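Heads up: the protein sequence lines correspond to chains A and B, in order.
The numbering used here numbers the first residue of the first sequence as 4 and each following residue consecutively.
The numbering used here numbers the first residue of the second sequence as 38 and each following residue consecutively.
Note that beta-carbon positions come from the ideal geometry of N, C-alpha and C, so glycine has one too.
For clarity, every value in this text was computed on a predicted model and none was experimentally measured.
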Amino acid sequence: MPRSPRRHFLTLSATTLGGLLVYTLDRKSARLHAQTSALKVPLRFFTEDEALAIAAAAARIFPADESGPGADEAGVVIYIDRQLASAYGRDHYRYTQPPFEPGVPEQGYQGKETPREIYRAGLKMLGPFHTLAPAEQDARLKQIDTTVFFSLLRTHTIEGMFCDPMHGGNAGMIGWQMIGFPGPRMSYFDDVDQHYGAAFRPKPESLAQMLGRPVTPGEDTET
Amino acid sequence: MKTLPPVDVAIVGGGWTGLTMAKELATRTGLKILVLERGGPHKTRDYLDNMDELDYAIRLRTMQPIRDETVTLRHSVRNRALPIRQYGSFLPGTGVGGSGEHWSGISYRYYPHDFQRVSHLVDKYGRARLPENCAVRDWPISYDDLEPYYERAERLMGISGKAGNLRGTKVEGGNIFEGRRQSEYPTPPMKMPYLAALFRDATHSLGYHPFPLPAATTSVPYTNPDGVPRAGCAYCGYCERFGCMIGAKAQPTNTLMPVLTRRNNFEMRTGAWVRRIVAEGAHVRGVRYADSRGNEVFQPADLVFLASWTLNNTRLLLLSGIGAPYDPETGKGVVGSHLTHQVSVPAATLFFDKPQNAFMGAGSAGIAIGDFDFLDHTDLDFVSGGALYTVCYGTRPIANFGVVPPSVRTRWGAEWKKAALHNYDRTGLVRFYGEHLAYRDNYMDLDPVYKDRLGDPLLRLTLDWKDNERNMVRFITNRAVQVGQVMGAVEIQPFQGLKRYQATRYQGTHIQGGTIIGAKQTDSVVNMYLQHWQAPNLFVLGASAFPQNPSSNPTLTAVALTIRAADAVIQRYLKHPGALA
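Okay, structure coming up:
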């Protein structure tokens, strides 16, 4: 998939949340305060319009509402953009030898299309999704929610909500905070057989915070 | 093709069985031992950086690269086999340690009846009760023959648990159904997280006999008989799909490699993809492999051990033309028969009103009951059994977010999100690991269409469940729901039933058969010492030797059998090379 000649950016705004969010920008973290108006994130795969459409669709799958923040606040589209730009987007994690033949569901997905190709086709189905009203957006998603594209987008939305923040999603660990997941920890020896039936919620820490040094995410390596 | 200087012993595969054999031979003989491992090296410290769910549990970066090689699957000879294009039902590891790096560590012994399976069933119910096409066998050895080797395997790994049958005395709190043990487990049982405690109390109140899962994630610091020290488990919740960052989970890299790397008669050669066992008549001359640059290399060896997991052991024998391939039409041939995959299902998904703190745990921190391995099948529509259990392996959010009770219908949007958030840490599974009988029409051969990256045919699985397994799962699901109710679940989603064999749902990496053990060379591939009947200087290690799939997890038995084979090689074969049985 040829890259767009012009470098695209996604502009994030900090109006929806009061707190501090940490986004990763090409391996450097950037802080976004409620007072700061905007942050420009360089895109690796999507054009700006594509990113806006995907972000809007992810935000209907996992919306911000009274139960907590959603896909926009977590940076799900940044996560997806980086995954598609990486070896994963080219189907590095799948057996892709021909012939491609239709099978039974128990044999698993047999399609020829790579995740990048599935998204390019899906973007055509979405159209100018971010310009639609929420009710129209939901109606459009209902029309396509049995497609391979939608299924992949839903999976990626969950991944982008709850991945380690080094992958570009789960900004500020807001996904982990919502569900009480503390991130990777070295030991729960003293707690594992305590707190029976009562919430035990250590403050989330990312892998880099736990180790005290940065870790290279898989999408930044070739294998 | 380059020919290298010969070695005494070449071992294909650097996992549990290959490195156990390497350790026995390297420490007890002066032979020069070479292990050929297709993947790369692993070190305990790397596993710290790997505590990332996305890269390791979702993208599966420690597994054998599926882009290079997979298997094809069809449900019967009448269907078309297609490649399993992305991992699902099983997860073979790659690199030093193999799947023994990312395993959960549940380390049962098989029950005595597992070794006399067909005699046991026929004695109890008569031959007429065996399901159609059933190919279940007796092993050529008994539980008592293997018991001393089980003890050695448990000490090697420092297995945690509680004996339930100590020299014939039943011990409450252990598994009272187990075979007679000569000794207590090397380390005490693991700590019990909340869900496991609920399961223990519920099954006990229902009259069952709960016991702590025997665990290779050792409960306390432990030094094994080889002098290898390991830390006690910290319950961080990164076991399955991960290597252990503190070395508490027994893995070949932290249990066997520390001994082997001190020996100057041992070499680990990584990046060596073995493509053929080279045989000349009844004698194996060595192995041919592609090195990491793609060069073809011939490695001569006096003795060859094939230890490359069930599917690759079978495939390499078929590719090498050693032994007659099994033909399901005629029943002739032996290589590839008796393909089984443990019947593993989430029998009941429970929804609670209280938080579970399920992020804490370990791959084998849990409780099981053996009662359903000892059913009276007289009035039942199946003849097999298995363990109902719960394990608190440490749930992580990508794989576990989104599970909602049956009353919630949507799978995206605000309503689903709200329900998924509420239930995220309020769910738990009652699981079932069941026996898979062998059948004449479940088997492996070479695929006529699909190839690996180097151009060799893929292995083709012809595999489906039968009514025996479907009926067993239906029965167990009802019992699991009952246990879930007593555990206090507010809503329960029962397992929807076993239909066709699915390549997409993870069932455990416990595929077995293909190179089975037996008493006669006409109907088995290896003898009771895992020695190939036709080529006495070739041994085939691992669960490919198991003629059917008992309910219990196979690794401990595979290691115990390997130690037994090593004793026979060292005490008898090396003095008088030739057939051991």
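Kindly list the residues whose CB is nearer than 6 Å to the CB of residue i, restricted to its own chain and excluding five residues on each side of it in sequence; keep chain order.
i	result
P251(B)	S144, Y145, I196 and G198
L575(B)	V321, V341 and H569
F469(B)	V382, A384, G423, L425 and I513
Y180(B)	P149, F152 and G216
V428(B)	G403
R237(B)	P247 and I404
K207(B)	I213
A597(B)	L183, Y186, Y187 and A190
R18(B)	Residue 18(B) lies beyond the stretch modelled for chain B, which goes from 38 to 618, so this question has no answer here.
Considering only the alpha carbon of each residue, which of the options lies closest to residue i?
i	options	result
I95(B)	T81(B), I600(B), V46(B) and G125(B)	G125(B)
Q379(B)	R542(B), P614(B) and H139(B)	R542(B)
G264(B)	L611(B), T64(B) and Y480(B)	T64(B)
P105(A)	L128(B), R111(B) and G142(B)	R111(B)
L73(B)	V49(B), Y84(B) and T367(B)	V49(B)
S581(B)	R463(B), I548(B) and R448(B)	I548(B)
R299(B)	K60(B), Y610(B) and R511(B)	K60(B)
S113(B)	Q544(B), P43(B), D493(B) and D478(B)	D478(B)
D390(B)	H139(B), P226(B), T592(B) and D462(B)	D462(B)
E191(B)	P120(B), A253(B) and S345(B)	A253(B)
K39(B)	E333(B), P230(B) and A338(B)	E333(B)
G550(B)	L567(B), P42(B), Q539(B) and K161(B)	L567(B)
L210(A)	D92(B), L474(B) and P392(B)	D92(B)
V44(B)	L203(B), D339(B), P177(B) and T592(B)	D339(B)
Who are the near neighbours of residue i in its chain, counting only those whose CB is closer than 7 Å to its CB and skipping five residues on each side?
i	result
G77(B)	G132, T307 and G308
Hey, how far is the Cα of residue i from the Cα of residue j?
i	j	result
M4(A)	H159(A)	Any reading at M4(A) must be qualified, since the residue scores a pLDDT of 46, below 50, and its modelled position is unreliable; no value is offered.
T247(A)	R93(A)	Look at the range of chain A in this structure, 4 to 226, and you will see that residue 247(A) is not part of it.
R164(B)	F419(B)	13 Å
K206(A)	L97(B)	27 Å
A405(B)	T514(B)	15 Å
F49(A)	V80(A)	9 Å
T14(A)	L55(A)	9 Å
R601(B)	G403(B)	29 Å
H375(B)	L578(B)	16 Å
I64(A)	Q146(A)	14 Å
N586(B)	H139(B)	21 Å
M164(A)	P185(A)	14 Å
L42(A)	L35(A)	7 Å
Y162(B)	A556(B)	24 Å
T367(B)	R166(B)	23 Å
Let me check you understand the geometry: is the CB of residue i closer than 8 Å to at least one non-hydrogen atom of the ligand ATP?
i	result
H569(B)	Absent from the structure shown: the ligand ATP. Ligands present: none.
Classify residue i as buried or exposed, calling it buried when 16 or more other Cβ atoms lie within 10 Å of its own Cβ.
i	result
Q608(B)	exposed
M58(B)	buried
Q219(B)	exposed
A201(A)	exposed
P614(B)	exposed
D482(B)	buried
H170(A)	buried
G125(A)	buried
N437(B)	buried
L183(B)	buried
Q533(B)	exposed
T219(A)	exposed
R122(B)	buried
V606(B)	buried
Going by DSSP, what residue range makes up the beta strand (DSSP E) through residue i?
i	result
A344(B)	Taken as a continuous stretch (DSSP letters only), A344(B) belongs to no beta strand (DSSP E), as it is neither H nor E.
D482(B)	Y480 to K488
E74(B)	I70 to E74
M305(B)	F303 to T307
G163(A)	Element bounds for G163(A): not the beta strand (DSSP E) but the alpha helix (DSSP H), V151 to F165.
T499(B)	P494 to T499
V324(B)	H320 to A327
Where do the N-terminal and C-terminal ends of the alpha helix (DSSP H) with residue i fall, by residue?
i	result
L158(B)	R154 to Y162
T292(B)	P289 to T292
L55(A)	E51 to I64
Excluding the five sequence neighbours on either side, which residues of its own chain have a C-beta within less than 8 Å of the C-beta of residue i, listed in chain order?
i	result
L243(B)	Q519, V520 and V523
A88(A)	R47, F48 and E222
G284(B)	T81, R267, A268 and N291
T150(A)	G125 and M128
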